[in-house]
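**Q** Chains as they are written, first to last, in this note's numbering: chain G, 1 to 252; chain R, 1001 to 1333. Here a beta-carbon is modelled for each residue, glycine too, at the ideal position from N, C-alpha and C. Keep in mind that this is a model prediction, so the values were computed, not measured.
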Amino acid sequence: MIQTRNLSLYYAKNPILTDIDLSFRSSGVTSIIGPNGAGKSSLLSLVCRLQAPTSGDVTLNGESIHKLDNLQLAKKLAILRQENHIVSRLSVADLVCFGRFPYHQGRPAKEDLEQIDWAISLLELNEFKNRYISELSGGQRQRAFIAMVLAQQTDYLFLDEPLNNLDMKHSVNVMKTLRKAADEMQKSVVLVMHDINFAASYSDEIIAMKAGQIVHQKSPEDLMHDDILSDIYDMPLKVENVQGKRMCLYYL
Amino acid sequence: MPKKIIMSIYYSITALRKRLTPACRLLLAAVCALLVVIVFMSINVKASWEFTLTFRGKKLITFLLVAFCISTATLLFQSLSNNRIITPAIMGFDSLYILVQTSLVYVLGSMQYTALNSYLKWVIEISILVIAASYLFQWLFIKKHYNLYLLILIGVVCGVFFHSISALMMRMLDPTEFSVLQDSLFASFNAAQSELLIVSIVALSAIGIFLYRYHHYFDVLALGKPMATNLGVNHSAMTRVCIIVITTLIGLSTALVGPVTFFGLLVVNVAYIVCGSHYHRYLIPMSILCAIILLVGGDVLLQHVLGYDTKLSIIIEFIGGVFFICLILRKKI
Chain G
1 MIQTRNLSLY YAKNPILTDI DLSFRSSGVT SIIGPNGAGK SSLLSLVCRL
51 QAPTSGDVTL NGESIHKLDN LQLAKKLAIL RQENHIVSRL SVADLVCFGR
101 FPYHQGRPAK EDLEQIDWAI SLLELNEFKN RYISELSGGQ RQRAFIAMVL
151 AQQTDYLFLD EPLNNLDMKH SVNVMKTLRK AADEMQKSVV LVMHDINFAA
201 SYSDEIIAMK AGQIVHQKSP EDLMHDDILS DIYDMPLKVE NVQGKRMCLY
251 YL
Chain R
1001 MPKKIIMSIY YSITALRKRL TPACRLLLAA VCALLVVIVF MSINVKASWE
1051 FTLTFRGKKL ITFLLVAFCI STATLLFQSL SNNRIITPAI MGFDSLYILV
1101 QTSLVYVLGS MQYTALNSYL KWVIEISILV IAASYLFQWL FIKKHYNLYL
1151 LILIGVVCGV FFHSISALMM RMLDPTEFSV LQDSLFASFN AAQSELLIVS
1201 IVALSAIGIF LYRYHHYFDV LALGKPMATN LGVNHSAMTR VCIIVITTLI
1251 GLSTALVGPV TFFGLLVVNV AYIVCGSHYH RYLIPMSILC AIILLVGGDV
1301 LLQHVLGYDT KLSIIIEFIG GVFFICLILR KKI
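Here it is in structure tokens:
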């Protein structure tokens, strides 16, 4: 289980995150929602040791992640950030191969190659396998990055807005894939989501953030209520029943 | 009709390019480098063979060492900073080295400076350089996250700053002391000191082993800090080690032949184009080979075709500078 204790982050004197005590479940899908600037991405960066917190600590099964061996940790948790800029000319297969780096250290074995093929076909990237990343569309590139972190085969998978740039079909496919990874391989998938309905339909738990703090950590059924959502997003919102699911129609 | 021929040549070249694996390309480059070296050693021998071989051999070793230093330093630096346009030289590493040397003469005085054991002198200079550069560039790369153009600007300003301080110190030196300093500063490809060659070979062997052991880490570092951390590489520790290696390499090459600004940029970017792979196990040897071909080949051309009308470094800097401007204009960084 991943836990945070009194986690805070300040830029100069501005609080980004304040006193976050949170535990991420060890399997299942968790979505983090909240308005822009709530600190969702920062939280993810801190939990995945991409950034050092101003104060507080993150623990994996009771041990501080800053004390754990880097390579071992890379086999336990993986993160995909919102923006990924790569200078090298890499093909999709090369990129996904990097996901196996914690295991193969630059010399992919047969098992690594199998995992790479598995991740590539899971995200329907077979026809782009040998294309350069820079020659792909935004959505294809996003899928390639998701394939990379999936190939990393970690217990915890943190994805910052995985549906960025994806069309409807691929959004649904990616969510189904992640759901399957959580159900069949007992992974814990943590997503930063903007589309609240996607979050509600596929998550076991939703964490709502506002102004650098956690305001709710609930099941989707308990969270999807007019007053709760309106309070999180500071706008009047209505939740309706659509085909037995609670949906928030915020488009109008 | 000629258009057709050009097109068919173009297509056959692209077909050929696809068939060449990175290992093949490396082999080709190695053969070219070997040929250039053989030509360098054997063309136009007028004095006795013994004299020619020792004379040119020493020069060749200097070329090889410098090729190794500059290309590797630039390549590592670019992988570390995730861009293909700034180089240690543009960031002012070698002006820093000159500053270190000048202040050493300034503080110690020429008597002590020349009396110093040349190995000890080298160790002192390199350690000061490594410490200074580590602090400066770690601050730039680890603590702050500036964009590329600001980095170039900071580098250029730093370079000029170090240069001006050295110039000021040089003016305040006694003329005799200045001539001692000038002797060690105006090193050239023709007049490297033998002791320095030995030190360089030892240091480079150590660095070579480091590169061999860690080449796969550089592939991951080139993906950027978040990605590298995610894949289990301790980015800040690796950055520290790399900056020490880079500074040592630059210190070595500056000690051997003086500052060379654009050569590294030229060689490494040519290597990116001809290498056909982004893996450092190919990129490192390829850029070294490119550097050897360019340096040794350039010297052969200069010596036997152009008759030493100009200096090798001037030509290389000219081509490299033009290349740098092209890179910036094309924005293919």
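How close, in whole Å, do the beta carbons of Leu-95 of chain G and Leu-46 of chain G come, if the pair is a contact with beta carbons under 8 Å?
**A** Contact doesn't hold; Cβ gap of about 25 Å is too wide.
**Q** Does the beta carbon of Pro-102 of chain G come closer than 7 Å to any beta carbon on chain R?
**A** So yes, Pro-102 of chain G belongs to the interface.
**Q** What residues in its chain sit with their C-beta under 8 Å from that of Pro-15 of chain G, if we drop five residues either side in the sequence?
**A** Cβ neighbours of Pro-15 of chain G beyond the five flanking positions: Ser-8, Leu-9, Gly-212.
**Q** Under a three-way DSSP split, which group does Met-247 of chain G fall into?
**A** Strand at Met-247 of chain G.
**Q** Within its chain, find whatever has a CB closer than 6 Å to the CB of His-104 of chain G; leave out the 5 residues flanking it on each side and keep chain order.
**A** Asp-112.
**Q** Are the beta-carbon atoms belonging to Thr-4 of chain G and Val-58 of chain G less than 7 Å from one another?
**A** A contact, by the Cβ cut-off of 7 Å.
**Q** Got a sec: which bits of the segment 78–98 of chain G sit with their beta carbon under 9 Å from any beta carbon on chain R, in order along the chain?
**A** Residues Ala-78, Ile-79, Leu-80, Arg-81, Asn-84, His-85, Ile-86, Val-87, Ser-88, Arg-89, Leu-90, Asp-94, Leu-95, Phe-98.
**Q** Contact criterion: CB-CB distance below 7 Å. Does Lys-1220 of chain R meet it with respect to chain G?
**A** A small correction: the amino acid at residue 1220 of chain R is Val; Lys does not occupy that position in the sequence shown. True, the Cβ-Cβ gap to chain G drops below 7 Å.
**Q** Pull out every residue of the segment 1223–1249 of chain R whose Cβ sits closer than 8 Å to any Cβ of chain G, in chain order.
**A** Listed by position along the chain: Leu-1223, Gly-1224, Lys-1225, Pro-1226, Met-1227, Thr-1229, Asn-1230, Leu-1231, Gly-1232, Val-1233, Asn-1234.
**Q** Considering only the alpha carbon of each residue, which of R:Thr-1229, R:Ser-1205, R:Val-1322, R:Leu-1151 lies closest to Pro-77 of chain G?
**A** Before going on, a small fix: residue 77 of chain G reads as Leu here, not Pro. Comparing Cα-Cα distances from Leu-77 of chain G to each of R:Thr-1229, R:Ser-1205, R:Val-1322, R:Leu-1151, the minimum goes to R:Thr-1229.
**Q** First and last residue of the beta strand (DSSP E) that includes Ser-188 of chain G?
**A** Unbroken beta strand (DSSP E) run through Ser-188 of chain G: 188–192.
**Q** Along the segment 1060–1086 of chain R, what residues have a CB closer than 7 Å to any CB found in chain G?
**A** Against chain G - using a Cβ distance shorter than 7 Å - the residues of the segment 1060–1086 of chain R are Asn-1082, Asn-1083, Arg-1084.
**Q** Could you name the residues that DSSP lists as bridge partners for Met-209 of chain G?
**A** BP columns for Met-209 of chain G point to G:Ile-214.
**Q** Are the C-beta of His-1216 of chain R and some C-beta of chain G separated by less than 7 Å?
**A** Answer yes: the Cβ-Cβ gap between His-1216 of chain R and chain G drops below 7 Å somewhere.
**Q** Residues of chain R with CB closer than 7 Å to the CB of Asn-70 of chain G, please, in chain order.
**A** Here the neighbours are Gly-1232, Val-1233, Asn-1234.
**Q** Does Arg-5 of chain G come out as helix, strand or coil in the three-state DSSP assignment?
**A** Strand.
**Q** Whole alpha helix (DSSP H) runs in the segment 29–95 of chain G with 4 or more residues, listed along the chain?
**A** As far as the segment 29–95 of chain G is concerned, its whole alpha helix (DSSP H) runs of at least 4 residues are 40–47, 70–74.
**Q** The alpha helix (DSSP H) with Phe-1068 of chain R in it runs from where to where?
**A** Note, Phe-1068 of chain R: alpha helix (DSSP H), 1049–1081.
**Q** How big is the Cα-Cα spacing for Asp-267 of chain G and Ser-188 of chain G?
**A** In the structure as shown, chain G begins at 1 and stops at 252. Residue 267 of chain G is therefore absent and cannot be evaluated.
**Q** Kindly confirm or deny that the segment 197–216 of chain G and the segment 20–39 of chain G touch, where touching means at least three C-beta pairs closer than 8 Å.
**A** With a cut-off of 8 Å, the segment 20–39 of chain G and the segment 197–216 of chain G count as touching, because enough Cβ pairs lie within range.
**Q** For Ile-1333 of chain R, which residues of its own chain have a beta-carbon under 6 Å away from its beta-carbon, when the five flanking residues on both sides are left out?
**A** Note that Ile-1333 of chain R scores a pLDDT of 46, beneath 50, so its modelled location is shaky and nothing firm can be said.
**Q** Using DSSP bridges, identify the partner residues of Tyr-156 of chain G.
**A** For Tyr-156 of chain G, which the question treats as bridged, DSSP gives the partners G:Leu-77, G:Ser-188.
**Q** Which term fits Leu-1028 of chain R, buried or exposed, when burial requires 16 or more other beta carbons within 10 angstroms of its beta carbon?
**A** Exposed, because fewer than 16 other Cβ atoms sit within 10 Å of the Cβ of Leu-1028 of chain R.
**Q** State the CB to CB distance for the pair Ser-1071 of chain R and Val-1233 of chain R, rounded to an integer number of angstroms; the pair is presumed to be in contact (CB under 8 Å).
**A** Not confirmed; about 23 Å, so no contact.
**Q** Counting only beta-carbon separations shorter than 7 Å, does Thr-4 of chain G have a partner in chain R?
**A** No, Thr-4 of chain G does not count as interfacial toward chain R.
**Q** Which residues of chain R have a Cβ atom closer than 8 Å to the Cβ of Leu-50 of chain G, listed in chain order?
**A** In chain order: Lys-1225, Pro-1226, Thr-1229, Asn-1230.
**Q** Could you compute how far the alpha carbon of Ala-1067 of chain R sits from the alpha carbon of Ser-1253 of chain R?
**A** The straight-line gap from Cα to Cα measures roughly 9 Å.
**Q** With DSSP collapsed to three states, give me the class of Val-1157 of chain R.
**A** Correct three-state label for Val-1157 of chain R: helix.
**Q** How should Ile-1284 of chain R be labelled, buried or exposed, when 16 other C-beta atoms within 10 angstroms of its C-beta is the threshold for buried?
**A** The residue in question, Ile-1284 of chain R, is buried, as its Cβ has 16 or more Cβ neighbours within 10 Å.
**Q** Give the single residue among G:Cys-97, G:Leu-150, G:Arg-49 whose Cα lies nearest to the Cα of Asn-130 of chain G.
**A** Of the listed residues, the one whose Cα sits closest to Asn-130 of chain G is G:Cys-97.
**Q** In this structure, what does DSSP give as the bridge partners for Val-242 of chain G?
**A** Paired residue(s): G:Lys-245.
**Q** Going by beta-carbon coordinates alone, are Cys-1290 of chain R and Ala-1271 of chain R separated by less than 7 Å?
**A** In contact: Cys-1290 of chain R and Ala-1271 of chain R (Cβ atoms closer than 7 Å).
**Q** Helix, strand or coil, according to DSSP, for Asn-1234 of chain R in the structure here?
**A** Here Asn-1234 of chain R sits in coil by DSSP.
**Q** In whole angstroms, what separates the C-alpha of Ile-1315 of chain R from that of Phe-1063 of chain R?
**A** Taking the straight line joining both Cα atoms gives about 15 Å.
**Q** Is it the case that the Cβ atoms of Gly-99 of chain G and Met-148 of chain G are separated by a distance below 7 Å?
**A** Yes, they are a contact pair.
**Q** Using the beta-carbon of each residue, which ones in chain R are nearer than 9 Å to Ala-12 of chain G?
**A** By Cβ distance, chain R contributes nothing, its closest Cβ being about 14 Å from Ala-12 of chain G, past 9 Å.
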